Amino acid sequence: MKCLKVTILGAGQDVGRSCVVVTFPSKRVVFDCGAHCGFVDHRRYPNLQYLGNMSEYNHQMELLEEIKSDETQADNTVTDPFSMEASEREYRNTKLKQESSERALYMKSALKKALNNVTNTIDSAIISHFHLDHVGALPFLTEEIGYSGPVYLTYPTKALSPLLLRDSVQVTRYAQEDSSSHGLAAKTASVKSLLNFDKRRKVEDCKPDPWGYTFNSVSECMKRSIPLQLRSAEKVEGLTVSPFYAGHVLGAAMFLAESDGFKVLYTGDFNTVPDKHLGPAKVPSIEPDVLICETTYATFVRQSKKATEVELCNLVHDTLVNGGKVLIPVFAVGRAQELAIILNNYWNNLSLLFPIYFGGGLSEKATNYYKLHSSWTDNNNISKLKENPFSMENLLQFDQSFLNDNRPMVLFATPGMVHTGLSLKACKMWSSNPKNLILIPGYCVQGTVGNKLISGEKSIKTNTGVINIKCKVKYLSFSAHADSPGILKLIKHVRPKNIVFVHGELDSMKKFSKHVASTLNIPVYYPANGETVSFHKVSVDKKEIYIHPSLILDKNNVSYGFKHNGNVYLYNKSALVEVLNNAKRHCNDMTKTLKDNTHEVTYRLTVKMSYEEFFTLTELIVKLLVSSSLSNRKYTANQQLQKKIFSYSTLKLEHSDDTLVVQWQQLV
1 MKCLKVTILG
11 AGQDVGRSCV
21 VVTFPSKRVV
31 FDCGAHCGFV
41 DHRRYPNLQY
51 LGNMSEYNHQ
61 MELLEEIKSD
71 ETQADNTVTD
81 PFSMEASERE
91 YRNTKLKQES
101 SERALYMKSA
111 LKKALNNVTN
121 TIDSAIISHF
131 HLDHVGALPF
141 LTEEIGYSGP
151 VYLTYPTKAL
161 SPLLLRDSVQ
171 VTRYAQEDSS
181 SHGLAAKTAS
191 VKSLLNFDKR
201 RKVEDCKPDP
211 WGYTFNSVSE
221 CMKRSIPLQL
231 RSAEKVEGLT
241 VSPFYAGHVL
251 GAAMFLAESD
261 GFKVLYTGDF
271 NTVPDKHLGP
281 AKVPSIEPDV
291 LICETTYATF
301 VRQSKKATEV
311 ELCNLVHDTL
321 VNGGKVLIPV
331 FAVGRAQELA
341 IILNNYWNNL
351 SLLFPIYFGG
361 GLSEKATNYY
371 KLHSSWTDNN
381 NISKLKENPF
391 SMENLLQFDQ
401 SFLNDNRPMV
411 LFATPGMVHT
421 GLSLKACKMW
431 SSNPKNLILI
441 PGYCVQGTVG
451 NKLISGEKSI
461 KTNTGVINIK
471 CKVKYLSFSA
481 HADSPGILKL
491 IKHVRPKNIV
501 FVHGELDSMK
511 KFSKHVASTL
521 NIPVYYPANG
531 ETVSFHKVSV
541 DKKEIYIHPS
551 LILDKNNVSY
561 GFKHNGNVYL
571 YNKSALVEVL
581 NNAKRHCNDM
591 TKTLKDNTHE
601 VTYRLTVKMS
611 YEEFFTLTEL
621 IVKLLVSSSL
631 SNRKYTANQQ
641 LQKKIFSYST
651 LKLEHSDDTL
661 VVQWQQLV
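First residue of the sequence shown: 1, per the UniProt record's numbering; consecutive thereafter.
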């Protein structure tokens, strides 16, 4: 009996540090290796210790107890950044418990020793996209833990990941010096601009991060990466990896991994609704054994994209013509480009002259990469344009001296949650004017200034004072994640045998899992970090069932048919039914001489219509092959019936409670 195991090392019943390990009978694949940007110690990384050999762990019990003790102590002083119930005081003012450098280095060394042989058991790593909560721990896995195998990703992900990883190096080094660090949800904190920090400070002047990695580690890590084209198939020693378009951000892909007769589809983050710079997810009806699917917005239904875009343009335009300024807090890669395209097109249509500014060098670099890979976006609307949609003539580079200007303007400023950096600075300076507008286009974690703005607070305390909010504040959802209908659409299209939900809040997962299981009759799991789900497949003899030429009937008045020995036999519906009735009669007349040679099989006969479309007659076949006395029993039907010659005199039909059991002997 073959067994497939899915182990969750990160993003189990929460969002952040995504990492899922799939163990096939002969291969092991790591899907994503993300970081939790709210922590500066070992908790920023996935729970890699669950990959270790238990005998090695027994030698490191002291280490594990220390890690557990640290997490307990930290929980007593600061709420988990993922917790929606956390108070604003805990998020804003509490300092994370800092490890001493010596102790951190010891723990890191011990963990590496415990994982010394783990990387030898990993055959491949796959990165779905460039967000840090999906790629942020990859340099640690390769350069610190020692994984030296291939890393599969797409070409845009290979281009953009180093930008964010190098920025993360600087962010974490500065965080070692910043005594006011606080936890932030990894998804919304995954992209930080260098504007968040004093440019006069040099990276080498800051304390080294015991749990971090270096610029050189990023470079060496990316050398291992192997970019793949969409819908290509990379075949290496019993493992096949295929990427499919996922939407979400440039380069995001779903990955299908096939090995040992199992098929696993990992969605990463995806979107089923197109926007101005990306198309919807596109994946065939794969029918995988396991679908590993994100559930960030599993219980949400968003309004139409067009309505949101119109509301955005109207709000911005009305504010500007009345003499106000518009602050749009964004993270540097992804949503920023989409909103910029929307406003740039609106400016061109109305010939507007108000300036639109982009603050942050990282945004500029990322947008340039978007330009280089614009043909990859797979958006039909973009591919029809003569000009590059990312050549936005209305967007200008921002200078901080413009903050004091009285003229109307639009400013895209990082970071998106307004917890620091240029967006916070602009908020402080512009929020006192009722003419101005702060437009927040994405989710903000509790305790941040962005979240307080969305909640309607008029007096917001920060570490440096109080912000009095007199300007207009509006929240619009431009999330690049699929909502509940989008996730259901994917599931129905892909038709998985089992589902494992990750990357979502526990309450949402519970509700959505119950709905999917009851309406689609598919087993659903939502394991926590460190938990493993096993899937078993009964090994079935793959002898073929053949069809005798005598079953081939009248070939006139054709509508349906199948191929045999290079010839195409076509049938009208009544002829096809007669063929199946003949098969049923022969099955019922079989002897019991093969009782010891039983094989569990299920049927699906696919017939081909004359205009090249396919459909399945599963239900018809079950009714014809099963006697009327068994018609109320439940039968599965999902294996294609082979269409070749067979000696039906040795075929026998039996039944059990929930399957069709066929016994046969192939004659020479």
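Glycine included, each C-beta is placed from N, C-alpha and C at the ideal position.
Keep in mind it's a predicted model, so treat the numbers as computed, not measured.
query	result
Comparing alpha-carbon positions, which option in C471, I467, L327, L339 lies nearest A413?	L327
Let me confirm a value: H419 is counted as buried when at least 16 other C-beta atoms fall within 10 Å, else exposed. Which label applies?	buried
Is the number of C-beta pairs between the segment 340–353 and the segment 420–437 that are closer than 8 Å three or more?	no
Measure how close the beta-carbons of L396 and Y357 come, nearest whole angstrom, since I'm counting them as under 8 Å.	5 Å
What would DSSP say about K371, mapped onto helix, strand or coil?	helix
Which residues in the same chain as F478 place their Cβ atom closer than 6 Å to its Cβ, once the five residues preceding and following it in sequence are excluded?	R335, P441
Mapping the DSSP letters down to three states, classify A246 as helix, strand or coil.	coil
Write down the C-beta distance between K27 and S259 rounded to the nearest angstrom, noting that I regard them as a contact closer than 8 Å.	5 Å
Mind pulling the alpha helix (DSSP H) runs of 4 or more residues that sit fully within the segment 476–552?	484–494, 506–520
On the three-state DSSP scale, how would you describe P227?	strand
Look at R17 and D123 and say whether their C-beta atoms are less than 8 Å apart.	no
Grouping DSSP H, G and I as helix and E and B as strand, with all else coil, what is G450?	helix
Please classify K306 as buried or exposed, where buried requires at least 16 other C-beta atoms within 10 Å of its C-beta.	exposed
Could you pull the DSSP bridge partners for Q397 from this structure?	F358
Thinking Y213 and V169 are a contact (beta carbons under 8 Å), I'd like their distance in whole angstroms, please.	7 Å
At 3 residues or longer, what runs of the beta strand (DSSP E) sit wholly inside the segment 277–347?	290–294, 326–329
Thinking C-beta only, is L453 closer than 8 Å to V333?	no
For Y297 versus D41, is the C-beta distance shorter than 8 Å?	no
Is R633 helix, strand or coil when you go by DSSP?	Because the pLDDT at R633 is just 29, under 50, the model does not fix this residue reliably, and the point stays unresolved.
Once the 5 residues before and after H536 are set aside, which same chain residues still bring their CB inside 6 Å of it?	M1, C3
If you run the structure through DSSP and keep just helix, strand and coil, what is A137?	coil
Could you please give me the residues that DSSP links to V218 through a beta bridge?	DSSP lists no partner for V218.
Under three-state DSSP, which class holds M254?	strand
Kindly confirm or deny that the segment 278–288 and the segment 484–496 touch, where touching means at least three C-beta pairs closer than 8 Å.	yes
What are the start and end residues of the beta strand (DSSP E) that includes S124?	124–126
Taking Cβ to Cβ, would you say R249 is nearer than 8 Å to F130?	One detail in the question is off: residue 249 reads as Val in this sequence, not Arg. It is a contact, given that the beta carbons lie within the stated cut-off.
Compute the Euclidean distance between the alpha carbons of Q229 and Y155, then round it to the nearest angstrom.	7 Å
Residues in its own chain within less than 7 Å of C427 by CB, not counting five upstream and five downstream?	L327, V418, I438, V449, I467
Assuming Y525 and V516 form a contact by the criterion Cβ under 8 Å, report the distance between their Cβ atoms to the nearest whole angstrom.	Actually they are not in contact, since the Cβ atoms of Y525 and V516 sit about 11 Å apart, beyond 8 Å.
In chain order, what residues of the same chain lie with their CB nearer than 7 Å to the CB of L24, ignoring the 5 residues before and after it?	Correcting the residue identity first, residue 24 is Phe in this sequence and not Leu. Answer for F24: L4, S259, D260, F262, listed in chain order.
Determine the burial state of G561: buried for a count of at least 16 other Cβ atoms within 10 Å of its Cβ, exposed for fewer.	For G561, the predicted structure reports a pLDDT of 42, less than 50, and the residue's modelled location is therefore unreliable. The matter cannot be settled from this model.
Out of curiosity, what's the CA-to-CA distance linking V302 and S109?	Rather than Val, the amino acid found at residue 302 in this sequence is Arg. Those two C-alpha atoms are separated by around 47 Å.
Distance, Cα to Cα, K472 vs D275?	26 Å
For G238, which residues of its own chain have a beta-carbon under 8 Å away from its beta-carbon, when the five flanking residues on both sides are left out?	S26, K27, S259, D260
Please classify I319: is it buried, with 16 or more other beta-carbons within 10 angstroms of its beta-carbon, or exposed?	Per the sequence presented here, residue 319 reads as Thr, with Ile not at that position. The residue in question, T319, is buried, as its Cβ has 16 or more Cβ neighbours within 10 Å.
Using 8 Å for Cβ pairs, my map puts S225 next to L165. What's the rounded Cβ distance?	In fact, because the Cβ distance is near 11 Å, the residues do not count as touching under 8 Å.
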